[in-house]
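Below is one structure, written out as structure tokens; the observations come after it.
2 protein chains.
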Amino acid sequence: MTVTLYDLAATTLPKDPLSPNTRKARYCLNYKRIPYKTQWVEYADIEPLFKTLGIAPTSKKPDGSALYTVPAIYDPATGAYVSDSFAIAQYLDKTYPDTPKIFPSGTVSLQAAFDDAFIGNLGAMWGFVLLAAATKLSPASEEFYRRTRRETFGKALEEMVPKGDEAVKAWKAFEAGLGMVDAWYQRGEGKGVYLLGNTPSWGDFVVVSVLNALRTLWGEESKKWKDVLLWHGGRWKARAGSLKEFETIL
Amino acid sequence: MTVTLYDLAATTLPKDPLSPNTRKARYCLNYKRIPYKTQWVEYADIEPLFKTLGIAPTSKKPDGSALYTVPAIYDPATGAYVSDSFAIAQYLDKTYPDTPKIFPSGTVSLQAAFDDAFIGNLGAMWGFVLLAAATKLSPASEEFYRRTRRETFGKALEEMVPKGDEAVKAWKAFEAGLGMVDAWYQRGEGKGVYLLGNTPSWGDFVVVSVLNALRTLWGEESKKWKDVLLWHGGRWKARAGSLKEFETIL
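Protein chains in written order, with the working numbering: chain A, 71 to 320; chain B, 71 to 320.
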């Protein structure tokens, strides 16, 4: 029985998946050593495909209609389709109780709070991300992505990239946001690369997925990525590399 | 050997301590069954007393000078003075390893994130809190509190209380903020009153301290407190009462 993981088609493949959220689901599957294969879906095809398959939307569009997002999984062992990376993680912990836990020691609630707080701290990041992401899609998906983002934000992606002093300020705010996350890590007894000390768990999957999605977006040799690796005692480098053994793409 | 807990003198005593932060430290001491006695300190006396004792400040005032806050503890077993409720909790877990853990299962980092995210969600609460808190202090401390808050916020406490439509909006925002916290609790497998399921831990101490400080401020019979108890399936009532056995005031 092989699980299907629905992930986003992108020009960064086959080396690097583009979406941070699908990276989270892949870490979960690899960490648990659950056999799976990836089905790459064009951005514009997510909604029609998921509607056909009966995969639940995860959120709403600005106009109130259903929003369908990757990742999703299909598990032939149970017949279940599950969308939303957090829900996928919970499903896998519950359905495969003999595999390593994504939420060990009853930490689901704390991990949910961490997840929200982590993303909440990174508000300044989006200006450096959205346009770059668009250019890593196929031409058809890029057009779709640009159009739907314009509906969401009311302006073109180019207008969302901070410039001049505003860019300097936003970059500092992004550094400060990551600094708060670094401070949470540093408060742990082990001061190790994992939030819980010795074992990776959901929060690490979230952080490392975002880090590596940024590396993919900006490029390993970019000034932006090199900046991140220098911040906060250089600790982001070890964190970004801390889940390498769970990055196999099946 | 009896630990000294420095807590805030208030007119709500001896029944109810006023400060949410000192409540957290009291939960820690009672939960670990560490013998302690409380020393009640007038608001205006915190800084001179702590300077004399050599207790470290926890933050900075708007003018950049050191800010001294309760709680603090003195532990005669080690000679240590510790300030900041989170640092006190970490100190007690480390110094008394054979007592129940405030941060079980290596959750310090996740609990720190929860703590920040919890308070971050409650921004709308302060307008309903600060003036009420001032009126529960002794006349001398109230004068001091009002003066120092004015320095911090640039206006009188009365001006910070939302009125009319603004109050309705702020109250809804406070409800929504608590709703996000409720959602974290509800995501846990147990859906119990404790974040980790069966055992209380730091995050619960934080949440329940704030809840009971609000009850103390507003009064058990107030419309505000009754509203809170009705929100989110009425689940705040069980949470507010979930640590009763650790509320003894020594």
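In this text, a Cβ means the ideal position worked out from N, Cα and C, and glycines have one as well.
Inset, instruction - Leaving out five residues on either side along the sequence, give the residues of the same chain with a beta carbon under 8 Å from the beta carbon of S312(A). - result: V263, Y264, P270, D274, V278
Inset, instruction - Go through its chain and collect everything with a Cβ distance to E212(A)'s Cβ below 6 Å, but skip five positions before and after it. - result: A204
Legend entry - Any chain A beta carbon closer than 8 Å to A183(B): yes
Inset, instruction - Say whether chain A places a C-beta atom closer than 8 Å to the C-beta of L265(B). - result: yes
Legend entry - Proximal residues, the stretch 85–104 of chain B versus chain A, C-beta separation under 9 Å: Contact residues of the stretch 85–104 of chain B toward chain A are absent (C-beta to C-beta distance below 9 Å).
Inset, instruction - Between the Cα of V325(A) and those of P105(A), M195(A), V298(A), spot the shortest distance and give me the residue it belongs to. - result: Residue 325(A) lies beyond the stretch modelled for chain A, which goes from 71 to 320, so this question has no answer here.
Legend entry - Test: A142(B) CB closer than 8 Å to a CB of chain A: no
Inset, instruction - Output, in chain order, the set of chain A residues within a Cβ distance shorter than 8 Å of D186(B). - result: A187, M250, W254
Inset, instruction - May I ask you to list, following chain order, the residues of the stretch 120–140 of chain A that have a beta carbon less than 8 Å from some beta carbon of chain B? - result: Listed by position along the chain: nothing, the set is empty.
Inset, instruction - Kindly list, in the order they appear in chain B, the residues whose Cβ is closer than 7 Å to that of S208(A). - result: Listed along chain B, no residue sits closer than 7 Å to S208(A) by beta-carbon distance, the nearest being about 35 Å off.
Inset, instruction - With DSSP as the reference, please indicate the residues paired to Y109(A) in a beta bridge. - result: Rather than Tyr, the amino acid found at residue 109(A) in this sequence is Gln. Q109(A) is bridged to Y76(A).
Inset, instruction - Leaving aside the five residues before and after K121(A) along the sequence, list all residues of the same chain whose C-beta is less than 8 Å from its C-beta, in chain order. - result: Y138
Legend entry - Span of the beta strand (DSSP E) around S153(B): Residue range 150–153 is occupied by the beta strand (DSSP E) that includes S153(B).
Inset, instruction - Please decide whether R305(B) counts as near chain A, where near means a Cβ-Cβ distance under 8 Å. - result: no
Inset, instruction - Identify, in the order they occur along the chain, each residue of the same chain with its Cβ nearer than 7 Å to the Cβ of Q181(A), setting aside the five sequence neighbours on each side. - result: F173, S271, W272, G273
Legend entry - Contact set for A210(A): own chain, Cβ-Cβ below 8 Å, skip 5 residues either direction: For A210(A), the CB contacts under 8 Å within the same chain, skipping 5 residues up- and downstream, are E112, A114 in chain order.
Legend entry - Given 8 Å, three or more beta-carbon pairs between the stretch 211–230 of chain A and the stretch 158–170 of chain A: no
Legend entry - Rounded straight-line distance, which links the Cα of G176(B) to that of K107(B): Their Cα atoms are separated by approximately 29 Å.
Legend entry - Coarse secondary structure for A202(B), derived from DSSP in three states: helix
Legend entry - Alpha carbon of Q256(B) to alpha carbon of D186(A), nearest angstrom: 14 Å
Legend entry - Start-to-end residues for the beta strand (DSSP E) that takes in D133(B): Unbroken run through D133(B): none, as it is neither H nor E.
Inset, instruction - Please name the residue in T222(A), C98(A), A246(A), A226(A) whose C-alpha comes closest to that of P132(A). - result: T222(A)
Legend entry - Closer than 8 Å to chain A by CB, T177(B): yes
Inset, instruction - Would you check if the stretch 298–311 of chain A and the stretch 80–94 of chain A touch, i.e. whether three or more CB-CB distances between them fall below 8 Å? - result: no
Inset, instruction - Below 8 Å on the Cβ atoms is my guess for L248(B) versus W301(B); work out the distance and round it to an integer in Å. - result: Cβ atoms of L248(B) and W301(B) come within 8 Å of each other, at about 6 Å.
Inset, instruction - Specify, as a first and last residue, the run of the alpha helix (DSSP H) that D297(A) falls within. - result: 293–300
Legend entry - Euclidean distance between Cα positions of W306(A) and R285(A): The alpha-carbon atoms of W306(A) and R285(A) are separated by roughly 11 Å.
Legend entry - Identified DSSP bridge partners for D145(B): A150(B)
Legend entry - Proximity below 8 Å, CB of L88(A) to CB of T82(A): Yes, they are a contact pair.
Inset, instruction - Count the other C-beta atoms from every protein chain shown that fall within 10 angstroms of the C-beta of K233(A), then say buried if there are 16 or more, exposed otherwise. - result: Flag for K233(A) reads exposed.
Legend entry - Beta bridge counterpart(s) of Y101(B) as assigned by DSSP: In the DSSP output, where bridge partners are listed per residue, Y101(B) has none listed.
Inset, instruction - Enumerate, from N- to C-terminal direction, the unbroken beta strand (DSSP E) stretches of 3 or more residues contained entirely within the stretch 159–222 of chain A. - result: none
Inset, instruction - For P105(A), I'd like the list of residues in its chain whose CB is within less than 8 Å of its CB, leaving aside the five on either flank, ordered along the chain. - result: M71, T72, V73, L320
Inset, instruction - Determine the extent of the alpha helix (DSSP H) in which G234(A) is found, giving its start and end residues. - result: 234–257
Inset, instruction - Starting from S129(A), follow its DSSP beta bridges and name the residues at the other end. - result: L137(A)
Inset, instruction - Compare the Cα-Cα distances from G149(B) to each of P141(B), S129(B), R217(B), I125(B) and report the closest residue. - result: I125(B)
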